[in-house]
Amino acid sequence: MKIETIHVQLNRPLLIMKAPNGFVACGYINIETCNRTGDACALVNAGNFEDMKKAAIVAVSAKAEELGIRIGDTAESALLKMQ
Numbered sequence: 049m050k051i052e053t054i055h056v057q058l059n060r061p062l063l064i065m066k067a068p069n070g071f072v073a074c075g076y077i078n079i080e081t082c083n084r085t086g087d088a089c090a091l092v093n094a095g096n097f098e099d100m101k102k103a104a105i106v107a108v109s110a111k112a113e114e115l116g117i118r119i120g121d122t123a124e125s126a127l128l129k130m131q
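Residue numbers for the sequence shown, in our numbering: 49 to 131.
Below is the structure:
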């Protein structure tokens with residue numbers, strides 16, 4: 049699985065796991081913005097990449113839904129669907 053990880057240290061870390069056709073991120077990202085731009089995005093609550101992979105999706109963009117990603121899926125499952 050091809051995944052790029054992006055970590056930006058803020059008061060809480062901004063975490064993004066980028067797949068070829070979308071990304072999983074923490075709550076800093078706004079789903080409505082992803083809907084406007086047509087990005088496949090799924091959000092989780094996690095403080096590091098290891099926890100992020102296992103975390104349940106709490107929000108998805110319309111494009112992510114088209115890929116079959118649902119709230120409650122794991123981030124790892126979502127990333128596989130974004131390959």
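Glycine included, each C-beta is placed from N, C-alpha and C at the ideal position.
Everything numeric in this text was worked out from a predicted model, so none of it was measured.
Between which two residues does the alpha helix (DSSP H) harbouring residue i extend?
i: K129; result: A123 to K129
Helix or strand or just coil, what does DSSP make of residue i?
i: C89; result: strand
i: A104; result: strand
i: K50; result: coil
i: N96; result: coil
i: I77; result: coil
What is the residue span of the beta strand (DSSP E) that residue i lies within?
i: A73; result: G70 to A73
Any idea which residues DSSP pairs residue i with across the strands?
i: L63; result: H55
Is residue i close to the ligand MN? I mean its beta-carbon at under 8 Å from any heavy atom of the ligand.
i: G75; result: The ligand MN is not part of the structure shown, which contains no ligands of any sort.
Please identify the residue among the options whose C-alpha is closest to the C-alpha of residue i.
i: E124; options: L62, T85, F71 and R60; result: F71
i: E80; options: R60, A107 and A103; result: A107
i: E98; options: L58, N59, Q57 and I64; result: I64
i: A110; options: A88, N78 and A126; result: A88
i: P61; options: A94, N78, K50 and K102; result: A94
i: N59; options: Y76, R118, T122 and P68; result: Y76
Using a threshold of 9 Å, state whether the C-beta atoms of residue i and residue j are closer than that.
i: T53; j: K66; result: yes
i: I105; j: L91; result: yes
i: C74; j: A112; result: no
i: L115; j: M100; result: no
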